[in-house]
Structure formats: structure tokens, C-alpha cells
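Structure, as C-alpha cells:
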Amino acid sequence: MGGAWRAAALAAEFGFSVVAGLLGGVLLGQFMDSQLGTSPTFLLLGILSGFILSLYLIYVIYRVQIQPRRSNREQSS
């Protein structure tokens, strides 16, 4: 039962990191475009940077959550 909850929590972390990264990039891009009058330049850059940030956050979550468990199993074998 614990494995199912752990998998659900991991999926929620991945989902939150994607939504937060993209939403932050979109909002920052829209703000910059409204201040500088450069629509849609910074919006597109914000979407791209939010996507890259999301991928990085997923990588970090993977390194922290999954790899230590894998190495612990290999050591105990």
C-alpha cells in the first residue's frame, strides 16, 4: 500500500513542477511584454524557459526520490 501512495506523491510532484514552471514563465513573460511593449517576445521566451525549468525540476526530483532508493536496494543485495 505504501508503494501506491509513494507513486502518487511522486506523480503529484512531477505535475506540480511542470505547472509551476510553465505558469511562472507565462506570467513573467506577460508582465515583461506589458512593461516593454514587446508582445509576444517575452511570453514565448517565458514559455520556453518555464518548460526548461520544468524539465530540470523533474530531473532533480528524480535524483532525490528515485536514485537513492535504487542504490539502497543494490547495496542490500
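Mapping to the working numbering: the sequence shown position 57 is 63, numbers consecutive.
Backbone N, C-alpha and C define an ideal beta-carbon position, used for all residues, glycine too.
For clarity, every value in this text was computed on a predicted model and none was experimentally measured.
Residue environment for residue 48: buried (at least 16 other C-beta atoms within 10 angstroms of its C-beta).
About 6 angstroms separates the CB atoms of residue 32 and residue 52; that is less than 8 angstroms, so the two are in contact. Around the beta-carbon of residue 60, 16 or more other beta-carbon atoms lie within 10 Å, marking it buried. In this structure, the alpha-carbon of residue 17 lies about 11 angstroms from that of residue 24.
Where residue 23 is concerned, the enclosing alpha helix (DSSP H) starts and stops at 8-42.
Annotation: residue 30 to residue 76 spans about 32 angstroms, alpha carbon to alpha carbon. Taking 8 angstroms as the upper bound for CB-CB distance, residue 64 and residue 37 are not in contact here, some 25 angstroms apart. Secondary structure of residue 45 (DSSP, three-state): coil.
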